[in-house]
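Numbering (our numbering), first residue to last: 5 to 525. Heads up: the structure comes next, in C-alpha cells.
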Amino acid sequence: MIRSIQFIALLLVPFFCVAQNYADVFIKNGKIIDGTGNSWFYGDIAVKDGKIVAVGKLSGWKATKVLDATGLIVAPGFIDVHTHIEDDEVRNPLASNFIYDGVTTVVTGNCGASNLDLKRYFNFLDSLRLSINVATLVGHNDVRKEVMGRSNRIPTETEMKKMEAIVDQAMKDGAVGLSTGLIYIPGTYSQTEEVVRLAKIAARYNGVYATHMRDEADSVVEAIEEALHIGRSAKLPVQISHFKISGQHNWGRSKITLPMIKKAREEGLEVTIDQYPYTASSTGLSTLLPDELLADGQDSIRARLQRPELRKYAVDYMLKKLKKRKLKHFSYAVVAYYNSDTTLNGKSIEEINRIKGRKHKAKEEALTIIEMMEKGGASMVLHGMSEDDVKYIMQYPFNMFASDASIRVWQVGSPHPRGYGTNARILSRYVREEKVLSLEEAIRRMTSLPAQKFRLRDRGLLREGFAADIVVFDEKKVADLSTFEKPHQYSTGFKYVLVNGSVTLDNGKHTGTRNGTTLRP
C-alpha cells in the first residue's frame, strides 16, 4: 500500500511542475525596465490570475497567450497622477486615449473637483468596468460648494465642521488625499487656514495634499509658499500639480521656483511635483476674468457682466493682464470647446473677434470674452510657457508626468493634445530625440514614483506578486501624433498593454477589454 502511494506521488511530480509553470500570459525576450530606475535587462515575465508570478530568464513555461517582445521595451503600466475623468467614464469606458498612450492607472479628483460620495462612485466604476484602473482624491472645491455654494466669504465654524466631515468620510471610503483648485471658484475664495484644517483630516488617513496652486504666473512664488505651508502645518505629503511658469513675461522663473521645492525637501517636507510636456495649458475661459465677478453661479455672473461699470472693470482687468504678457491680442487663448457655438472650437479669441466682424483691437476681444462668458463660458487652451522652463523642470528627479486630461471622446471638441500623447511625447521627443533624460529615468517617473506617492502598493514595478499592469513598446517608434491643430490622434509605438493581467492593447489595437478596477489605499 505504501509503495503504491509513493509510486502515484512520483507520477504526479511532473504534473505539479507543469501546473506550477503555467501562465495566462507569457511575455518573452523583452528588454525589461522594471520601474526602479535601474538599467534594462533581457528577460521574460509570467502572468497568472492578474498578477506577475515570475520575472527573469524563464524556461519551461507554458501559457495561454505568448507575447513576443523581442526588440521591445517591457515596463510597468504608466500611472497618470493628474486626470479629470469624471463624467466621461460612460462616454468612453474603453479610455482609449490613455490605453494607446501606455497608461493603465489614473488618479482623478484633481484641482479641487471630484465626486463626494466616493463609496457610490467606486461602486459605479466597478460596475461599469473601465479599461483602466482608477484612484481618486476628494476635491476641496466640490466640498465647499456642497456646504457653501459659490459664496465669496469665510465659512462659519458650523460650515467648517460640515466640510471636515465630508473629507473624513471620503478618506474612509478610499480617497488617496485632498485636492485643491485655488485658482478656480469657489476655491479661490478660501483662506489658507481653511485648507489646512481639511488637509489635517486627510493626514489622519496618510493622504496626500495635491494642489492646483492659487497662481502659476505672477504670484507663483507666493503660491508655492502657501502649498508648502499647508503641507507643513497639516503634516502630510504635498503634490504640486502641473508645475509650470505661465506668461511670457515670467519665462525663466523656474530657476527660482524649482529650488524652492528642493529646499523644502532638504528641510524634511515630502513634496513632489508633476508636469505635462507642453508649452500650453488648458483651463476655463473664466480664469481670464476677475475672481470677484464669478461668485454665486451663472445667473449672478451674467447679471454682473451686464452692469456697465463691472463690464468696464472686467475689460480693464483683462487688458492689463494682456499688456503684462507683452501681447497685443488674445491670440494665445484658443477655444477647446464652446457649447454655445461649436464652430468656434479650435479658434483663438483674436480670430473669433474678427469672425464676428469687430475691430481688430484687444478691447473688442475682451468684450468678445465677456459675451462668451455670458453664454456659459468655454474650455480653453492657453499658449504661454517657455520650452526652456519645461525642460529645466523636467530634469528634476521628483517630478512625475501627467496629462491633466479627461477620457477623450473621439472627434469631440478641439482639446489639448496632452490627453492623447503625454507619455509618448516624453519617450519620443525628450528621451529619444533631445535626450533630456534617460529611458529608465523617464519610466521611473511614470511608474514607481507615482505609485509610491499615492500609495498604490502593488503597482508601478515589474515585481513578483504585483498587479500585472504592463506596457510593451518600441522605443525607436513610439511617437505622439496629437497636435493642437489636429488633436484627435492616438499615440503609436505601443504594441501591448496589459491591465490586471488582461491584454487590452494587442499588436497596437484596443481589444475592447475592460479589466480596470478601483484602487483604494
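We put the beta carbon where it would ideally sit given N, CA and C, even for glycine. These numbers come from a predicted model, not from an experiment.
DSSP three-state assignment for G425, whether helix, strand or coil: Walking along the sequence shown from the start, residue 425 turns up at place 421. It is helical.
Could you please give the first and the last residue of the uninterrupted alpha helix (DSSP H) stretch that includes Y500? Within the sequence shown, the letter at position 496 stands for residue 500. Following the DSSP letters along the chain, one finds Y500 in no alpha helix (DSSP H) but inside the beta strand (DSSP E) bounded by residues 498-503.
Taking 8 Å as the cut-off, does the region 397-412 touch the region 95-109 (at least 3 CB pairs, one atom from each stretch)? yes
Mapping the DSSP letters down to three states, classify P263 as helix, strand or coil. Numbered from 1 along the sequence shown, position 259 holds the residue referred to as residue 263. If DSSP states are grouped into helix, strand and coil, P263 belongs with the helices.
Is DSSP giving Y434 helix, strand or coil here? Locating residue 434 in the sequence shown gives position 430, where the first residue counts as 1. In this structure, Y434 counts as helix in the three-state DSSP scheme.
Grab me the residues of V17's own chain with a C-beta within less than 6 Å of its C-beta, minus the 5 sequence neighbours each way, in chain order. In the sequence shown, the residue the question calls residue 17 occupies position 13. Bear in mind that a pLDDT of 43 at V17, under 50, signals an unreliable position, so the model cannot answer this.
Should R518 and S118 be called a contact, given that it needs their Cβ atoms to be closer than 8 Å? Within the sequence shown, numbered from 1, the residue matching residue 518 stands at position 514. Within the sequence shown, numbered from 1, the residue matching residue 118 stands at position 114. Contact flag unset, no.
Expressed to the nearest angstrom, what Euclidean distance is found between the alpha-carbon atoms of K490 and S290? On the sequence shown, position 486 is the one that residue 490 refers to. On the sequence shown, position 286 is the one that residue 290 refers to. Distance between the alpha carbons of K490 and S290 is about 25 Å.
Outcome for Y104 when other beta-carbon atoms lying within 10 angstroms are tallied against a minimum of 16: Within the sequence shown, residue 104 is the residue found at index 100, counting from 1. It is buried - the Cβ of Y104 has at least 16 other Cβ atoms within 10 Å.
Please check the pair K332 and A370, which I expect to be a contact at CB under 8 Å, by giving their CB distance rounded to whole angstroms. The count along the sequence shown starts at 1 and reaches residue 332 at position 328. The count along the sequence shown starts at 1 and reaches residue 370 at position 366. The Cβ separation is near 12 Å, so there is no contact.
Under 8 Å between C-beta atoms of M167 and L186: Here residue 167 corresponds to residue number 163 of the sequence shown, with the count starting at 1. Here residue 186 corresponds to residue number 182 of the sequence shown, with the count starting at 1. Not closer than 8 Å, so no.
Cβ neighbours of L326 in the same chain (closer than 7 Å, five flanking residues each side left out): In the sequence shown, counting from the first residue as 1, residue 326 sits at position 322. Here the set comprises F334, A366.
Considering only DSSP beta bridges, list what P80 is partnered with. Translated into positions along the sequence shown, residue 80 becomes position 76. Note: P80 sits in a beta bridge opposite I474.
Which listed residue (V225, Q302, V111) has its alpha carbon closest to that of I189: Residue numbering aside, residue 189 sits at position 185 when the sequence shown is read from its first letter. Ranking the options by Cα distance to I189, first place goes to Q302.
Would you mind listing the alpha helix (DSSP H) stretches within the region 217-253 that are 4+ residues and don't spill past its ends, in chain order? For the region 217-253, whole alpha helix (DSSP H) runs of length 4 or above, ordered along the chain, are 224-238.
May I ask you to list the residues that DSSP assigns as paired with A58? One-based indexing of the sequence shown puts residue 58 at position 54. In the DSSP output, where bridge partners are listed per residue, A58 has A50.
Mapping DSSP to helix, strand and coil, what is H144? To locate residue 144, count along the sequence shown from 1; it is residue 140. Reduced to three states, the DSSP call for H144 is helix.
Using a Cβ-Cβ cutoff of less than 7 Å, which residues in the same chain neighbour Y342 once the five nearest sequence positions on both sides are dropped? Translated into the one-based positions of the sequence shown, residue 342 becomes position 338. The residues are L348, N349, M376, A382.
What residue range does the beta strand (DSSP E) around T112 cover? Numbered from 1 along the sequence shown, position 108 holds the residue referred to as residue 112. Note, T112: beta strand (DSSP E), 107-112.
Helix, strand or coil, according to DSSP, for S100 in the structure here? One-based indexing of the sequence shown puts residue 100 at position 96. Of the three classes helix, strand and coil, the one that applies to S100 here is helix, per DSSP.
What is the DSSP secondary structure of S155, counted as helix, strand or coil? Position 151 of the sequence shown holds residue 155. Three-state result, S155: coil.
Per DSSP, what kind of secondary structure is F126 in: helix, strand or coil? Along the sequence shown, one-based indexing puts residue 126 at 122. Helix.
As a quick exercise: from E90, S258, V339, pick the residue whose alpha carbon is nearest that of S1. In the structure as shown, the chain starts at 5 and stops at 525, and residue 1 therefore has no counterpart that could be examined.
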